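> Shown below is the structure under consideration.
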DNA sequence: TCATCTGTAATTATATGCATAACAGTTTTT
DNA sequence: AAAAACTGTTATGCATATAATTACAGATGA
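Chains as they are written, first to last, in UniProt numbering: chain A, 1 to 141; chain B, 1 to 141.
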């Protein structure tokens with residue numbers, strides 16, 4: 001599991017809470033605590049989906065382009081983390097002629113994708129707005 | 001995400017389908033398509049939870065010690081994969097004094113553990129017996 | 001007592017994830 | 001027109017995580 005989903009949630013939350021809804025990759029990277037190039041990579045994907053727009057050149061950066069009550073964690077999971085439940089190595093698929101060995105891969109694939117569906121359904125009920133509220137309420141305990 | 005959960009499902013399914021419900025780590029490893037030592041490691045954990053018993057010495061091996069309609073994938077997930085939804089690297093936690101950076105980790109931890117709970121609930125509804133049936137029906141299409 | 005099997009730790013190899021550097025392309029400012 | 005400040009993207013190195021492999025002590029049955 002890589003953390004691009006996490007980074008996407010972080011970036012969008014940050015943009016959502018900024019007064020003008022804008023920041024550049026350097027500023028965002030400091031908050032995320034990673035390298036600006038990594039932020040640009042993730043935000044590039046979010047741009048292609050229309051969640052942010054970018055302004056190049058001097059004074060440029062990323063601008064939130066979505067209603068935070070409409071964007072769900074499910075959307076972001078599907079975009080950035082889908083498929084990560086299934087490990088790269090899976091059992092079976094060798095020379096063995098045992099029934100389990102011959103069919104476990106199809107069965108496990110269904111198990112993983114079913115699990116992922118349950119996960120996505122759960123995340124579909126959490127919006128970016130919910131996250132921003134959580135951040136703010138953490139700030140005033 | 002490592003694949004011990006997958007290996008556990010595979011091993012228990014195999015034992016469940018064997019006539020005498022018994023096999024040694026060499027035989028199981030061939031079906032799983034991995035090294036016997038890895039099988040022993042996973043089955044050692046399952047033994048501690050009582051899902052299998054082991055017989056050492058000549059003619060020994062692992063013996064299924066559970067009702068396959070009672071063991072769920074949720075049980076196995078909790079035992080072998082819990083926590084794997086949250087990546088080892090997470091955003092925030094650096095020097096930045098930005099509100100998001102300061103609180104994102106607690107918020108993301110809740111998001112990941114909530115997601116995992118949804119996943120576990122889903123897996124709680126799938127029993128080992130269901131998996132063995134899936135394997136068998138894959139075998140007779 | 002010997003052969004066989006588990007339990008477990010240590011080591012090596014490989015894959016993945018992250019950091020970093022570099023640079024082309026775009027836009028604004030001067 | 002030129003310089004500066006950005007994004008977009010690729011390539012490379014390094015750290016960590018995962019799996020394979022080896023090794024051996026301990027237990028058991030023949």
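Ideal Cβ positions, reconstructed from N, Cα and C, are used throughout, including at glycine.
Computed from a predicted structure; not experimentally measured.
Residue 118/A and residue 5/A: beta carbons closer than 8 Å?
As a position in the first chain, residue 118/A is number 118, starting the count at 1. As a position in the first chain, residue 5/A is number 5, starting the count at 1. The answer is no: Cβ separation not under 8 Å.
> Taking just the CA atoms, how far does residue 89/B sit from residue 96/A?
Position 96 of the first chain holds residue 96/A. Position 89 of the second chain holds residue 89/B. Going from the Cα of residue 96/A to the Cα of residue 89/B covers about 38 Å.
> In chain order, what residues of the same chain have a beta carbon less than 8 Å from the beta carbon of residue 102/A, not counting five sequence neighbours either side?
Looking up residue 102/A in the first chain gives position 102. So the list reads 92 and 96, once near-sequence residues are dropped.
> Which first and last residues belong to the beta strand (DSSP E) in which residue 64/A is found?
Numbered from 1 along the first chain, position 64 holds the residue referred to as residue 64/A. Residues 61-64.
> May I ask you to report which of helix, strand or coil DSSP gives residue 34/A?
Reading the first chain from its first residue, position 34 is the one you call residue 34/A. If DSSP states are grouped into helix, strand and coil, residue 34/A belongs with coil.
> Name the two residues that bound the continuous alpha helix (DSSP H) containing residue 107/A.
Start at 1 with the first residue of the first chain, and residue 107/A comes out as number 107. It spans 99-124 - the alpha helix (DSSP H) in which residue 107/A sits, taken as one unbroken run.
> Check for me: the alpha helix (DSSP H) holding residue 131/B runs from which residue to which?
Numbered from its first residue, the second chain carries residue 131/B at position 131. 128-139 is the span of the alpha helix (DSSP H), which, as asked, contains residue 131/B.
> Considering just the uninterrupted stretch of the alpha helix (DSSP H) at residue 72/B, what are its terminal residues?
By 1-based counting over the second chain, the position of residue 72/B is 72. Counting along the chain, residue 72/B falls outside any alpha helix (DSSP H), and DSSP gives it neither H nor E.
> Listed from N- to C-terminal order along the chain, which residues in the region 83-94 of chain B have their beta-carbon within a distance smaller than 8 Å of any beta-carbon of chain A?
Per Cβ criterion, the list reads 84, 85, 86, 87, 89, 90, 91, 92, 93 and 94.
> For residue 55/A, which of helix, strand or coil comes out of DSSP?
Along the first chain, read from residue 1 onward, the residue named residue 55/A stands at position 55. Residue 55/A falls in the strand class under three-state DSSP.
> With three or more C-beta pairs closer than 8 Å as the rule, is the region 36-52 of chain B touching the region 17-28 of chain B?
Yes: the two stretches touch, three or more of their Cβ pairs being nearer than 8 Å.
> For residue 22/B, which beta-bridge partners are listed by DSSP?
Walking along the second chain from the start, residue 22/B turns up at place 22. Per DSSP, 63/B.
> Give me, in chain order, the residues of the same chain whose beta-carbon lies closer than 7 Å to that of residue 131/A; leave out the 5 immediate sequence neighbours on both sides.
As a position in the first chain, residue 131/A is number 131, starting the count at 1. For residue 131/A, where only same-chain residues beyond five positions count, the Cβ hits under 7 Å are 9 and 13.
> Which residue marks the beginning of the alpha helix (DSSP H) containing residue 14/B, and which one marks its end?
Here residue 14/B is taken as the residue at index 14 of the second chain, counted from 1. Residue 14/B -> alpha helix (DSSP H) spans 4-17.
> Run down chain B in chain order and give the residues with a C-beta less than 9 Å from the C-beta of residue 2/A.
Position 2 of the first chain, counted from the start, is the residue given in the question as residue 2/A. By Cβ distance, chain B contributes 87 and 89.
> Relative to the C-alpha of residue 32/B, which candidate in 50/B, 22/B and 3/B has its C-alpha closest?
Position 32 of the second chain holds residue 32/B. For the residues 50/B, 22/B and 3/B, the minimum Cα distance to residue 32/B belongs to 3/B.
> Run through DSSP, which three-state label would residue 27/B get?
Position 27 of the second chain, counting from 1, holds the residue named residue 27/B. Looking at residue 27/B - three-state DSSP - the assignment turns out to be helix.
> At a CB-CB cut-off below 9 Å, which residues of chain A make contact with residue 134/B?
Residue mapping note: residue 134/B aligns to position 134 of the second chain, counting from 1. Within 9 Å Cβ-Cβ: 103, 106, 107, 110 and 111.
> Is the Cβ-Cβ distance between residue 85/A and residue 112/A less than 8 Å?
Position 85 of the first chain, counted from the first residue, corresponds to residue 85/A. Position 112 of the first chain, counted from the first residue, corresponds to residue 112/A. Yes.
> Below 9 Å on C-beta distance, what does residue 32/B contact in chain A?
What you label residue 32/B is simply residue 32 of the second chain in a count that begins at 1. Chain A residues near residue 32/B: 91, 92, 94, 96, 100, 101 and 104.
> Could you check whether the Cβ of residue 65/A sits closer than 8 Å to any Cβ belonging to chain B?
The residue labelled residue 65/A in the question sits at position 65 within the first chain. Answer no: the Cβ-Cβ gap between residue 65/A and chain B never drops below 8 Å.
> Could you give the distance in angstroms between the alpha-carbon of residue 7/B and the alpha-carbon of residue 99/A?
Along the second chain, one-based indexing puts residue 7/B at 7. Along the first chain, one-based indexing puts residue 99/A at 99. When rounded, the distance between both Cα atoms is 15 Å.
> What's the call for residue 134/B, buried or exposed, on a 16-neighbour Cβ count within 10 Å?
Taking the second chain and counting its residues from 1, one reaches residue 134/B at position 134. Residue 134/B should be labelled buried.
> Just how far apart, CA to CA, sit residue 51/A and residue 64/A?
If you number the first chain from 1, residue 51/A lands on position 51. If you number the first chain from 1, residue 64/A lands on position 64. Approximately 6 Å between the Cα atoms of the pair.
> So is residue 123/A in contact with chain B if we call contact Cβ pairs under 8 Å?
For the purposes of this step, residue 123/A is taken as the residue at position 123 of the first chain. Cβ-Cβ to chain B under 8 Å: yes for residue 123/A.
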